[in-house]
Amino acid sequence: MQLTTIAFDADDTLWHNEVFYVSTQQQFAELLKDHAACDDLDSRLYEAEKRNLGHYGYGIKGFTLSMIETAIDVTEGRVPGHVIRKILDMGQEMLRHPVDLLPHAQNAVETMADRGLRIFLITKGDLLDQERKLAASNLGEYFDRVEIVSEKTSDTYTRIFGAYADGAEKGLMVGNSMRSDILPMLDAGGTAAFVPFELAWAMEHAEPPEGHGRFHTLNDLGGLTDLVSTLT
Ligand SMILES: [Mg+2]
């Protein structure tokens, strides 16, 4: 394989993301505990998020709406307006959070660009929010192409690597989600490097492939240069 193009996932691959959801969800539980006795709030919220994905897509706006819906449901419609207001504030706070790069992220992207590889960013989520984070990351100049997509399937990778690179066969996808970054890229005929992050959203869970020749796992992005040396 002659690798020509490397694509990075963004959230929890290049910068922190899930940590903001986890802490907001803790605030949400704290906020509702005076208004409803609900010992399965987390799973009620998760069910709402799952139900709403097809309407809202991935990202903070959909998450905020799902928190509001859950608050209405668990209080049987009695949730006060000031609590809804607070949930909206929590969502807006998430949309303002500073961008916090993960270890080795800057160096990995820079090094790959120095090697003359084509560099893509392929991410899901709210368009505005991902654009904001990319600008704040100061990594924007390294990417030859940025794709903010509603879902990551094998067709997504076939299309992007087909249109803007030399096909998925000569591409490497780097990401923290087995379900979205790794399995569909392997299906598309590409190579994938799984970089697990300590916090993972249940929706992104999938079993790793067994004995797959184009599947690699890295402890962190510090191992990317060595892997890429074996692929070029
Ligand atoms: Mg991710």
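Sequential numbering from 151 applies to the sequence shown in our numbering.
Built from N, CA and C at the ideal position, the CB exists for glycine as well.
Exercise. Any heavy atom of ligand 1 closer than 7 Å to the CB of Asp159?
Worked result: Remark: the shortest separation between the CB of Asp159 and any heavy atom of ligand 1 falls under 7 Å.
For this session: Rounded to whole angstroms, what's the CA-CA distance from Gln176 to Ala313? Just pull it up for me.
Result: Rounded to whole angstroms, Gln176 to Ala313 spans 42 Å at the Cα level.
For this session: Let me know if Thr380 comes out buried or exposed under the rule of 16 or more other beta-carbons within 10 Å of its beta-carbon.
Result: Exposed, because fewer than 16 other Cβ atoms sit within 10 Å of the Cβ of Thr380.
Exercise. Within 8 Å (strictly less), CB to CB, does Ile272 reach chain D?
Worked result: In summary, chain D is missing from the structure at hand, where a single protein chain is found.
Problem set entry | beta strand (DSSP E) segment containing His366, residue limits | Boundaries of the beta strand (DSSP E) harbouring His366: 365 to 367, taken from the DSSP string.
Exercise. Comparing the CB of Gly275 with every heavy atom of ligand 1, is any distance shorter than 7 Å?
Worked result: Placement of the Cβ of Gly275 at a distance of 7 Å or more from every heavy atom of ligand 1 is found.
Exercise. Measuring CB to CB, does Gly372 end up less than 8 Å from His254?
Worked result: In this structure, His254 lies closer than 8 Å to Gly372 by Cβ.
For this session: Give the DSSP-derived three-state secondary structure of Glu348 in the structure shown.
Result: Glu348 falls in the coil class under three-state DSSP.
For this session: Grab the span of the beta strand (DSSP E) containing Phe158 for me, first residue to last.
Result: Note, Phe158: beta strand (DSSP E), 155 to 158.
Problem set entry | Beta-carbon proximity check, Ala445 vs Thr225, cutoff 8 Å | Only positions 151 to 382 of the chain appear in the structure, and residue 445 is not among them; the question remains open.
Problem set entry | Closer than 7 Å: Gly207 CB and nearest ligand 3 heavy atom | Ligand 3 is absent from the structure shown, which contains only ligand 1.
For this session: Give the single residue among Asp376, Lys302, Gly361, Phe344 whose Cα lies nearest to the Cα of Leu164.
Result: Closest in C-alpha terms to Leu164, from the list Asp376, Lys302, Gly361, Phe344, comes Phe344.
Problem set entry | Residue interval of the alpha helix (DSSP H) (run including Glu199) | Run containing Glu199: 191 to 206, per the alpha helix (DSSP H) assignment.
For this session: Can you give me the Cβ contacts of Pro230 inside the same chain, cut-off strictly under 8 Å, excluding the 5 residues immediately before and after it?
Result: So the qualifying residues of the chain are His185.
Exercise. What residue does the beta strand (DSSP E) around Phe270 start on, and which one ends it?
Worked result: Per DSSP, Phe270 is one residue of the beta strand (DSSP E) stretching across 268 to 273.
Exercise. Taking 7 Å as the cut-off, does the CB of Asp162 come closer than this to any heavy atom belonging to ligand 1?
Worked result: Indeed, a heavy atom of ligand 1 lies less than 7 Å from the Cβ.
Exercise. How about Pro346 and Lys302: do their beta carbons lie closer than 8 Å?
Worked result: Their beta carbons are not under 8 Å apart, which means Pro346 does not touch Lys302 by this criterion.
For this session: Sort out for me which residues DSSP pairs Thr341 with in a bridge.
Result: Thr341 is bridged to Leu322.
Exercise. Which whole-angstrom value describes the C-beta separation of Leu349 and Val169, a residue pair presumed to lie in contact below a C-beta threshold of 8 Å?
Worked result: Contact flag correct, Cβ pair sits at about 6 Å.
Exercise. Is DSSP giving Arg309 helix, strand or coil here?
Worked result: Helix, per DSSP.
Problem set entry | Coil, strand or helix - Glu297 by DSSP | Strand, per DSSP.
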